[in-house]
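> Sequence lines, in order, name chains C and H.
UniProt numbering numbers the first residue of the first sequence as 1 and each following residue consecutively.
UniProt numbering numbers the first residue of the second sequence as 1 and each following residue consecutively.
Backbone N, C-alpha and C fix where the C-beta goes; we use that ideal spot for every residue, glycine too.
Sharing a structure here in structure tokens format.
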Amino acid sequence: MATTDIDKLLLRPTPFGSESGALAVGEFDPGNDTREFLTETCKVLVVGAGGLGCEVLKDLALSGFRDVEVIDMDTIDVSNLNRQFLFRQKDVGRPKAEVAAEFIRERVPQCNVIAHVGKVQDKDADFYSRFNVVCSGLDNVEARRWLNAMLVGLAEVDDEGNVIDPSQIIPMVDGGTEGFRGQARVIIPRFTSCFECSLDSFPPQRTYPLCTIAETPRLPEHCISYAQLVEWPKTNQRAIDTDSPDDMKWLFDVASKRASKFNIEGVTYMKTMGVVKNIIPAVASTNAVVSAMCVNEVFKLMSLSSQTLNTYHMYMGSTGIYSHTFCYGKKNDCPVCSSCVRTVTCSATKTLGELVSDLTEEPLKLKAPSLATADATLYLRKPKSLEAATRPNLDKPLSALVANNAEITVTDPVFPGDVALTLRVCFAQNGAA
Amino acid sequence: MATDNKYDRQLRLWGAQGQKALSEAHVLLLGAGPAGTETLKNLVLPGVGRFTVVDGEKVEERDTGNNFFVRKSDVGRPRAAATAELLAELNPDVRGAHRVARVSDLVSKEPQFIRQHSLVVAAQVDPQTLQQLGELCWAANLPLVVCRTYGLLGSVRLQIRSLDIVESKSENKLWDLRLREPFPELDRMTDALDLDSLDDHAHAHVPWVLLLAKAAKNWRAQHNGASPSTRDEKEEFRKLIAAGARQLASNVPELNFEEAAREAHRAWADPRELPYEAQQAFDHARDVAKKARRGSDASASGDAPPSVEQLCLRAVDAFRTENNGLPPLSGPIPDMHADTNSFVALQRLYRDKALSDLTAVQVHFSTLIKDAFSRAPSQEDLQLLSLVCKHVGDVRHVSTKSLADELVAPNLAEVAFEGLMEIDEPKLKPQAPVCWYAGLRAVDRFYVKQGRYPGLDESSLAADASLLADELRAFVQEAGAAEAMNEALADAHAQELSRFGAAELHAVASVVGGVASQEAVKVIARQYEPVDHTYVFNGIAGVGGVVAV
Ligand SMILES: [Zn+2]
Chain C
1 MATTDIDKLL LRPTPFGSES GALAVGEFDP GNDTREFLTE TCKVLVVGAG GLGCEVLKDL
61 ALSGFRDVEV IDMDTIDVSN LNRQFLFRQK DVGRPKAEVA AEFIRERVPQ CNVIAHVGKV
121 QDKDADFYSR FNVVCSGLDN VEARRWLNAM LVGLAEVDDE GNVIDPSQII PMVDGGTEGF
181 RGQARVIIPR FTSCFECSLD SFPPQRTYPL CTIAETPRLP EHCISYAQLV EWPKTNQRAI
241 DTDSPDDMKW LFDVASKRAS KFNIEGVTYM KTMGVVKNII PAVASTNAVV SAMCVNEVFK
301 LMSLSSQTLN TYHMYMGSTG IYSHTFCYGK KNDCPVCSSC VRTVTCSATK TLGELVSDLT
361 EEPLKLKAPS LATADATLYL RKPKSLEAAT RPNLDKPLSA LVANNAEITV TDPVFPGDVA
421 LTLRVCFAQN GAA
Chain H
1 MATDNKYDRQ LRLWGAQGQK ALSEAHVLLL GAGPAGTETL KNLVLPGVGR FTVVDGEKVE
61 ERDTGNNFFV RKSDVGRPRA AATAELLAEL NPDVRGAHRV ARVSDLVSKE PQFIRQHSLV
121 VAAQVDPQTL QQLGELCWAA NLPLVVCRTY GLLGSVRLQI RSLDIVESKS ENKLWDLRLR
181 EPFPELDRMT DALDLDSLDD HAHAHVPWVL LLAKAAKNWR AQHNGASPST RDEKEEFRKL
241 IAAGARQLAS NVPELNFEEA AREAHRAWAD PRELPYEAQQ AFDHARDVAK KARRGSDASA
301 SGDAPPSVEQ LCLRAVDAFR TENNGLPPLS GPIPDMHADT NSFVALQRLY RDKALSDLTA
361 VQVHFSTLIK DAFSRAPSQE DLQLLSLVCK HVGDVRHVST KSLADELVAP NLAEVAFEGL
421 MEIDEPKLKP QAPVCWYAGL RAVDRFYVKQ GRYPGLDESS LAADASLLAD ELRAFVQEAG
481 AAEAMNEALA DAHAQELSRF GAAELHAVAS VVGGVASQEA VKVIARQYEP VDHTYVFNGI
541 AGVGGVVAV
């Protein structure tokens, strides 16, 4: 007998169960077992307790989930209060994960939320493998790349590419917003495209050419960037603390002076903050839409009571409402979810250091790669002693270090420790780049 | 913390102007279920001025399972009181109130109470009450946002009779540069520019606006005053621009000439031609004025006084009549490769001209304000006028179909499958939002006939599905649905609607509340473009789309 609203979904048969959809993940079995799994067994991890995370926690608690954990490293700031509704003025300065978990436990007592204060990268594979599903609402690409690689890595495949232990396929439902636009997507490791497959769709942070900033400033943004990138390091020994009103005021004053020297108008404190902190506008409404779409997918994935989003929903709310659902394709040579070996063709005289710097740019955008072959370390970042020992290799030509067609294993802090990609180095015949 | 303004992140979207409008609004919520309270939550957080919750129910156990703004301890209390209390607690800047009353009673007995508010949100209101409410709001030109959740389906319907939007903030930025018909000051600056006399550094830093102005003037001199118009001419013009670049010793190409060639189309852009939607807004304001004049001739017209927005549009219109169709100059120019001094000088030139145009528009505006309200324009009025003049191409007039028309004469013939790229994928066709719009209409027909929603009981699931299937067929036939839609609709839709049994799922209510609050903010701030008609969220396949029936 269906007594609550979600019971109608969990206990009654439907022509549109998971198995009927474009991305079928299992066969729906309406009844008490399904309900019991959702409420008693299913463990959900929420990554991020900010604008999206607060909404996600509320939506999960009111969708029948009772075993929820949340991880976030941030503390509460005043500028969070226009949308992060689990926080009040009195909570400013406290860890977001803790306050959010307390609030949910208080308002929806049947839902138990455990808080983890810290970085996504602080937790290991054992931690993540305990969950049935992960719902992420992060504001930075780096943490999402790492989390994605962790979850894809958990779904280990055999030589034929089949997942060895299906219980380790942990779906990741990811949301993101910017102003009136946002997206919700479903990632099923090894089955759908992963976050890394779509890395190209995240544009790099907006920057201004240094020569414009220094020589021909025209906009208030140019003056602010000058204060930040040129004047600050000249006068100060330490890095800018973008959360310090004193530092921001200093930048604002310096930028204002420069602007008045060049007759440029429009340097304001608000604009200074926007440029220096790369602030992305955020509103309650978009966060609500995207988070709820994500939790709706979590609910359906865990109960199989309806179809699954295949795989990407884009939402734009500024000019009317425009939304678009499409299947984000897998990238054949994705360094995370494909097991393909990338071939790098280069001159035999190219140095190891040059190769390392190539890896940090498009398309791989690694952060601090370490390289090794099956029988030798080429360049390692850690520990310090090994870094020092392998550093001289950076200046050596590749031909002095590896044979033609050798396979090099690359690891990088953007991915968890045991996720590596393989490069095959082919020396070009004569002098190609 | 580097700011003490908790609204910082949203001010970057709608500015102080939008925030002020929001803080002066009084929103009425009819129906305190999850879709209603979620909508209000997203208005209280960003700082709406006041809200009033109207609801006639008592909090039940069921509410604690899907509504975040009731607690276990509230069971038995009036739902209006419990939710208003927890909503108000979200933001100390907001004043909240509630009334314990049945929504249907209020709508039929106290229209004057409803009319006191600046916007009405109706959540989970039954079809008959909604029809009455729609008529009441239409007559009072009161914006109405209708929220609905039904199982995995949600919808948000906006009804607006007439609203002028000052800043639609369309994504493609229009720059009003007047290169085709330069104003005298720009013409003088162009004449003063002698490219040949410049050293290489200066030559590579002349703003492209001036390069284009110069080239366009030369072109007109050689073509009897005409601008490039054919494809060939435009191509030739572009080549002429590129050919003006110098081969520098450094071998670095001149960026300003590259930019000029790329922006060449601006040299023949007609400043009289406004975007279609903007022109419509001006035409509408003129029509209203005409009608009002006729009305006053016939004496005692009961019409409301014109809005200040409309008077702004009419003042601009008068300016255009006086200036051979040219609108007041907008002012801002885009960033471009240039040295600081020439860029700042150019920026000033455009701004000064914009200010002098604005002064001329103000003369008309003062007369219009005096005629309408027998007073001088306030500081606020003038601010609005300056916004209108700055964004002439960005004004919009919004008017949706009325709920009454949608109910009486639905038309599905023209409605496309929206929101799906791979609509050819057979599994997705039945999931098109328009199919589920039809499904929800079938549910309403069922409700009107049976006095209850389908699928409330396990025992009637199959029988209700079959009745619903009849209603669905009848509805799409009456609405003249396209063949593709008839093919996509199946008995499965009716079975699914019966299975939902009027369930209100929190996640779906939260999607609806997000969309509804977004539309309310746009309407209150008079910024961006509100949705025309109905947004449908299909939570089965994760698909959304706008349906205008
Ligand atoms: Zn991938």
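Indicate the three-state DSSP secondary structure (helix, strand or coil) for ILE524(H) in the structure shown.
Of the three classes helix, strand and coil, the one that applies to ILE524(H) here is helix, per DSSP.
> Could you check how far apart the C-beta atoms of ALA368(C) and PRO413(C) are, in whole angstroms? I think they sit under 8 Å.
Confirmed, about 6 Å.
> Who are the neighbours of HIS506(H) on chain C, taking C-beta pairs under 7 Å?
What HIS506(H) touches in chain C, judged by beta-carbon distance under 7 Å, is ASP59, LEU62, SER63, going in chain order.
> Considering only C-alpha positions, which residue in the set ARG148(H), LYS401(H), SER374(H), PHE365(H) is nearest to SER386(H)?
PHE365(H)
> Are at least three pairs of beta-carbons, each pair with one atom in the segment 338-354 of chain C and one in the segment 384-397 of chain C, less than 8 Å apart?
yes
> Express the C-alpha separation of ASP77(C) and TRP232(C) in angstroms, rounding to a whole number.
A direct Cα-Cα distance of roughly 24 Å separates TRP232(C) from ASP77(C).
> If you count every other CB in all the chains shown that lies within 10 Å of the CB of GLU69(C), and 16 or more means buried, which is it?
buried
> By the criterion of Cβ-Cβ separation under 7 Å, what are the contact partners of PHE68(H) in chain C?
Per Cβ cutoff of 7 Å: LYS58, LEU62, ARG107.
> Quick one: is GLN237(C) buried, meaning 16 or more other Cβ sit within 10 Å of its Cβ, or exposed?
The residue in question, GLN237(C), is exposed, as its Cβ has fewer than 16 Cβ neighbours within 10 Å.
> Name, please, each residue of chain H whose Cβ falls closer than 9 Å to the Cβ of GLU55(C).
SER510, GLY514
> Within the same chain, show all residues whose beta-carbon is closer than 6 Å to that of ALA82(H), passing over the 5 residues directly before and after it, in chain order.
VAL59, VAL70, ASP74
> Contact defined as beta carbons within less than 8 Å: I believe CYS135(C) pairs with VAL336(C). What is the distance between those atoms, to the nearest angstrom?
Between VAL336(C) and CYS135(C) the Cβ distance is about 19 Å, and since that is not below 8 Å, they are no contact.
> Helix or strand or just coil, what does DSSP make of ALA97(H)?
strand
> With distances taken from CA atoms, which of HIS397(H), LEU355(H), ARG452(H), PRO34(H) is nearest ASP532(H)?
HIS397(H)
> Whose beta carbon lies closer than 5 Å to any heavy atom of ligand 1, going through the chain in order?
CYS194(C), GLU196(C), CYS197(C), CYS334(C), VAL336(C), CYS337(C)
> ASN538(H) bridges to which residues according to DSSP?
LEU153(H), VAL543(H)
> The alpha helix (DSSP H) that contains TYR350(H), what's its start and end?
340-373
> Anything in the segment 318-335 of chain C with a Cβ closer than 9 Å to a Cβ of chain H? List those residues in chain order, please.
The segment 318-335 of chain C vs chain H, Cβ under 9 Å: SER318, THR319, GLY320, ILE321, TYR322, SER323, HIS324, THR325, PHE326, CYS327.
> What are the partner residues of ILE165(H), as DSSP defines its beta bridges?
ARG396(H)
> For ASP232(H), is the classification buried or exposed, using 16 other Cβ atoms within 10 angstroms of its Cβ as the cut-off for buried?
exposed
> Alpha carbon to alpha carbon, how far is residue 595(H) from VAL363(H)?
Nothing can be reported for residue 595(H): it is not among the residues displayed for chain H, which extend from 1 to 549.
> Go through its chain and collect everything with a Cβ distance to GLU422(H)'s Cβ below 7 Å, but skip five positions before and after it.
With a pLDDT of 49 at GLU422(H), under the threshold of 50, the modelled position of that residue is not reliable, and the figure given next carries that caveat. Excluding residues within five positions, the ones whose Cβ falls inside 7 Å are LEU428.
> Let me make sure I understand the geometry here. Which of THR268(C), LEU57(C), ASN82(C), LYS43(C) has the alpha-carbon closest to that of SER256(C)?
THR268(C)
> Would ASP67(C) and GLU106(C) be called neighbours here (beta carbons separated by less than 9 Å)?
no
> Assuming contact is defined by CB atoms lying nearer than 9 Å, are ARG145(C) and LEU199(C) in contact in what I supplied?
yes
> Starting from the C-beta of GLY56(H), find all residues in its chain whose C-beta is less than 7 Å away, skip the five residues before and the five after it, and write them out in chain order.
VAL100, ALA101, ARG102, VAL103
> Does the beta-carbon distance from ALA149(C) to GLU196(C) come in below 9 Å?
yes
> Would you please state the rounded distance, in angstroms, between the beta carbons of ALA338(H) and PRO182(H)? I believe it to be under 8 Å.
Between PRO182(H) and ALA338(H) the Cβ distance is about 18 Å, and since that is not below 8 Å, they are no contact.
> Is there a Cβ of chain C sitting closer than 9 Å to that of THR340(H), yes or no?
For THR340(H), the answer is yes, since a Cβ of chain C falls inside 9 Å of its Cβ.
> Helix or strand or just coil, what does DSSP make of GLN159(H)?
strand
> Out of THR230(H), ALA509(H), GLU89(H), SER118(H), which one is the CA nearest neighbour of LEU163(H)?
Taking only the C-alpha atoms, the option nearest LEU163(H) is SER118(H).
> Is it a yes or a no for the segment 179-195 of chain C touching the segment 308-321 of chain C, going by three-plus beta-carbon pairs under 8 Å?
yes
> Assuming PHE446(H) is part of the alpha helix (DSSP H), what are its boundary residues?
433-450
> Looking at the strands, I want to know which residues DSSP matches up with residue 438(C).
Here chain C comprises residues numbered 1 to 433, so residue 438(C) is not present and cannot be evaluated.
> Classify VAL329(C): buried if its beta carbon has 16 or more other beta carbons within 10 angstroms, exposed otherwise.
The sequence as given places Gly at residue 329(C); Val does not occur at that position. The residue in question, GLY329(C), is exposed, as its Cβ has fewer than 16 Cβ neighbours within 10 Å.
> Determine which residues share a DSSP beta bridge with PHE326(C) and list them.
PHE326(C) is bridged to TYR312(C).
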